[in-house]
Amino acid sequence: MACCRALGKMAGYHKQKRLHKSIDEMFPMPDPIPAIPPLPSLDALTKKQNAAKIDQFVRFVGETAKAVMPDEITDPAFLQQWKVEIQDVAEYSNEIMCYCCGAGASNPHDYVGLTHNNLQIDNAFFWRNEQNEVEVGLLDWGVLACGPLIGAMQGCISGASTEVLLEYRDTFLKTFIDSFAENGGPQLDMERFKTMCCLQMLLWSFNITSNVTQVLKFTKAAEWQEIKDWMDPRLLDRFQTRAHTTQFKEALQLYRKWDLYGVFHKWKRDNGLPKK
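For the sequence shown, position 2 matches number -1 in the numbering used here, and the numbering has no gaps at all.
Right under this line is the structure:
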């Protein structure tokens, strides 16, 4: 929550031009996107490449690393359904990004601004102030740019465990919205922001399918045959293996528990998007 408050504060300061005098020159705002434009389907080559990555991901979760994954996400019927659904989501990735940039809102730029884009807790330092409240400092500004504020929130809270997100996700979002408004930003719509978060989580669950090769580079398939739990050092002590495999698990758990494909269908219907 301290991180979410800090993100909202910086974004609010940006709206009020309280950051560096050359901030607009160094980090210009993108052009506003007033509405989601008609966009074509993915080309045949991209669809083929996506399908190959998704097939590899399904094999890894359902077979290679099955022993360390919860039963709810290794069920073959679920994985086959997810495989079909996530390819549908991929077709609308550009429309989702337009929506997250404020398309359709009365002022699209309300949802775009400058704040830290990757505020995982290892990119922060913490202390308690005189009121014993947790304060936060921000580190690692390598990907700083103006962009969708929900993307910055995704870059912060996606490192939380499934259990924490299930309990506190809405609180995290409200904390950001309140801090943003208190520090000079406009009042954002909570329901829209929550939908944006679900769509970001959907894109996350698609984009991480590219990372199976990275995992297998550090922990070979033969080693996975012997790994039976998360405390195995061949998983726990290898950062690339641990980080990506954890994301695989949590992305699929949240996909099921939040019915993200159902949210996606409602979003398409509400925005009048055609079938592809």
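For each residue, glycine too, the CB sits at the ideal point set by N, CA and C.
Candidates the options, of which the one nearest residue i by Cα
| i | options | result |
| --- | --- | --- |
| Val58 | Leu233, Tyr96 and Trp79 | Trp79 |
| Gly152 | Asp52, Glu164, Gln197 and Ala32 | Gln197 |
| Ala62 | Trp255, Arg231 and Gln222 | Gln222 |
| Ser103 | Gln237, Ala218, Arg189 and Phe75 | Arg189 |
| Asp256 | Glu60, Lys214 and Thr192 | Thr192 |
| Ile33 | Asn204, Thr112 and Ile93 | Ile93 |
| Pro35 | His17, His11, Asn91 and Glu69 | Asn91 |
| Pro27 | Met7, Cys98, Lys45 and Val55 | Cys98 |
| Tyr252 | Asn115, Lys45, Thr159 and Lys44 | Thr159 |
| Ile118 | Ser155, Asn129 and Ala100 | Ser155 |
| Cys195 | Pro271, Ala100 and Lys254 | Lys254 |
| Lys265 | Thr71, Gly101, Ser19 and Glu69 | Gly101 |
Cβ pair residue i, residue j closer than 7 angstroms
| i | j | result |
| --- | --- | --- |
| Ala121 | Val133 | yes |
| Leu199 | Phe245 | no |
| Leu146 | Tyr96 | no |
| Ser202 | Ala157 | no |
| Gln13 | Gly181 | yes |
| Arg235 | Thr216 | yes |
| Ala64 | Lys225 | yes |
| Pro29 | His106 | yes |
| Gly110 | His17 | no |
| His241 | Asn208 | yes |
| Val55 | Leu76 | yes |
Residues near residue i in its chain [Cβ-Cβ closer than 6 angstroms; skip 5 each side]
| i | result |
| --- | --- |
| Gln184 | Ala178 |
| Asp137 | Asn120 |
| Gly259 | none |
Counterpart residues of residue i in DSSP-defined beta bridges
| i | result |
| --- | --- |
| Ala121 | Leu135 |
| Leu312 | Residue 312 is absent from the model: the chain starts at -2 and stops at 273. |
Close-in-space but distant-in-sequence residues of the same chain around residue i (CB under 8 angstroms, 5 per side omitted)
| i | result |
| --- | --- |
| Thr172 | Met(-2), Cys1, Arg2 and Gly5 |
| Glu88 | Ser38, Leu39 and Lys273 |
| Pro67 | Lys246 and Gln250 |
| Arg239 | Leu232 and Leu233 |
| Ile174 | Gly5, Gln184, Leu185, Met187 and Phe190 |
| Gln237 | Gln211, Val212, Lys214 and Phe215 |
Contacts around residue i, its chain only, beta-carbon distance under 7 angstroms, and the 5 residues preceding and following it disregarded
| i | result |
| --- | --- |
| Pro25 | Cys143 |
| Ile51 | Lys80, Ile83, Gln84 and Thr206 |
| Asn126 | Glu132 |
| Pro285 | Because residue 285 is not part of the residues shown, which for the chain are -2 to 273, the question remains open. |
| Asn47 | Gln84 and Ala87 |
Task: Length at least 4, wholly inside the stretch 66 to 99: the alpha helix (DSSP H) runs in chain order - done: Listed in chain order, they are 68 to 71, 73 to 88 and 90 to 97.
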